[in-house]
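Engineer:
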Amino acid sequence: MTTSDSDPRKTLARIARSTIDALSSYLPASVTGSPYFFLGGAVLMGFPVYGLYRTVSVRRYMTAEHIPHTAFERRSRIRGRVVAVGDSDNFRIYHTPRLFSRVPRLESFKGVLMKKTINIRIAGVDAPESASFSMPAQPFSIEARAWLTKEVLNRDVIVRLLSRDQYQRVVGMAFVRRYPFPFPRRNVSLEMLRAGLATVYTGKGAEYGGILEKLKRAEEMARRERKGMWAQDMTKYTTPAEHKKRHLRGMDL
1 MTTSDSDPRK
11 TLARIARSTI
21 DALSSYLPAS
31 VTGSPYFFLG
41 GAVLMGFPVY
51 GLYRTVSVRR
61 YMTAEHIPHT
71 AFERRSRIRG
81 RVVAVGDSDN
91 FRIYHTPRLF
101 SRVPRLESFK
111 GVLMKKTINI
121 RIAGVDAPES
131 ASFSMPAQPF
141 SIEARAWLTK
151 EVLNRDVIVR
161 LLSRDQYQRV
171 VGMAFVRRYP
181 FPFPRRNVSL
191 EMLRAGLATV
201 YTGKGAEYGG
211 ILEKLKRAEE
221 MARRERKGMW
231 AQDMTKYTTP
241 AEHKKRHLRG
251 MDL
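Heads up: the sequence shown runs through residues 1 to 253, numbered per the UniProt record's numbering.
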């Protein structure tokens, strides 16, 4: 951490002091002279300043491999701009830990996407498989990817780190704000289930971030309302995991 004037901790401390000084100029001496004024100001400013410090003091991670194990153990959160959507349930972010981090133009990632961005596997859900190699696409795979693209591409997201899978992707719970503050961020996994474009993932290494029951209820509601992929003939339906397993087995024969 730098100790220069650009140190975010010093910047935030200056903001806190300036705010208290500004308040002092509008209040009578009987109030500002009280020790409780400074105590109250310190407490009120402490929470947002601490929150900002936690946001701006984290170094930038280039890829999922650069994120330390301790960050996953603490269930830390990272922030980033979504620069690419891969399959129906994963995307890549450019990590932006500082408040006003500049995100390079998309052209800057050409040929180096894997070296400069973090691959995020959305936790808790499994979306219809896209076509790959000799495996055909599942019904609604195009719709699921289009939904995810519209939901997150070129948007800032918060990702709660849960684990790292065998493909060196971050398995994380992603949150996106579709509307300006103070509207809350939406849980991408939950919204995808509600749209009927994913099922709850139950395979190896499944992570639910403590909301498994909520995810199950979201899927059940979409099934009952026949949303998205649940509107198709269910006698022919196979889960994404079954679809992949069936065709991978066929490739081995």
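Beta carbons are placed, not taken as given, at the ideal position from N, Cα and C, and that holds for glycine.
Please report the straight-line C-alpha distance between residue 130 and residue 146, rounded to a whole angstrom.
Structural biologist: 12 Å
Engineer: Taking residue 188 as part of the alpha helix (DSSP H), name the residues at either end of that continuous run.
Structural biologist: Taken as a continuous stretch (DSSP letters only), the alpha helix (DSSP H) holding residue 188 covers 188-194.
Engineer: Tell me, please, whether the segment 223-232 touches the segment 202-215 by the rule of three or more beta-carbon pairs shorter than 8 Å.
Structural biologist: no
Engineer: When the Cα atoms are used, what is the spatial distance from residue 242 to residue 193?
Structural biologist: 18 Å
Engineer: Residue 125 and residue 199 - do their beta-carbons sit closer together than 8 Å?
Structural biologist: yes
Engineer: What does the Cβ neighbour count give for residue 117, buried or exposed, with the cut at 16 atoms within 10 Å?
Structural biologist: buried
Engineer: Return the first residue and the last residue of the beta strand (DSSP E) that residue 93 is part of.
Structural biologist: 90-95
Engineer: Reducing DSSP to helix, strand and coil, say where residue 55 ends up.
Structural biologist: Confidence at residue 55 is low in this model, with a pLDDT of 46, below 50, so its placement is unreliable and no value can be given for it.
Engineer: Suppose contacts are defined by Cβ-Cβ distances below 8 Å. Is residue 159 in contact with residue 78 by that definition?
Structural biologist: Closer than 8 Å, so yes.
Engineer: Tell me, to the nearest whole angstrom, how far the beta carbon of residue 120 is from that of residue 92; I am working on the premise that it is less than 8 Å.
Structural biologist: Between residue 92 and residue 120 the Cβ distance is about 7 Å, and since that is below 8 Å, they are a contact.
Engineer: What does the alpha-carbon distance come out to for the pair residue 220 and residue 137?
Structural biologist: 24 Å
Engineer: Pull up the CB-CB distance for residue 127 and residue 171, whole angstroms please, since I reckon it's below 8 Å.
Structural biologist: Between residue 171 and residue 127 the Cβ distance is about 14 Å, and since that is not below 8 Å, they are no contact.
Engineer: Leaving aside the five residues before and after residue 154 along the sequence, list all residues of the same chain whose C-beta is less than 8 Å from its C-beta, in chain order.
Structural biologist: 81, 82, 83
Engineer: Ignore the nearest five residues each way along the sequence and tell me which others in residue 144's own chain have a CB closer than 6 Å to its CB.
Structural biologist: 88, 127, 128, 197
Engineer: Please determine, among 235, 101, 102, 114, the residue with the shortest C-alpha to C-alpha distance to residue 64.
Structural biologist: 114
Engineer: Hey, quick one: how far does the alpha helix (DSSP H) through residue 152 stretch, first residue to last?
Structural biologist: 141-152 is the extent of the alpha helix (DSSP H) around residue 152.
Engineer: Can you tell me which of 190, 148, 95, 233 puts its alpha carbon nearest to the alpha carbon of residue 213?
Structural biologist: 190
Engineer: Near residue 86, what residues of its chain come up, given a Cβ to Cβ distance below 8 Å and the 5 sequence neighbours on each side ignored?
Structural biologist: 92, 119
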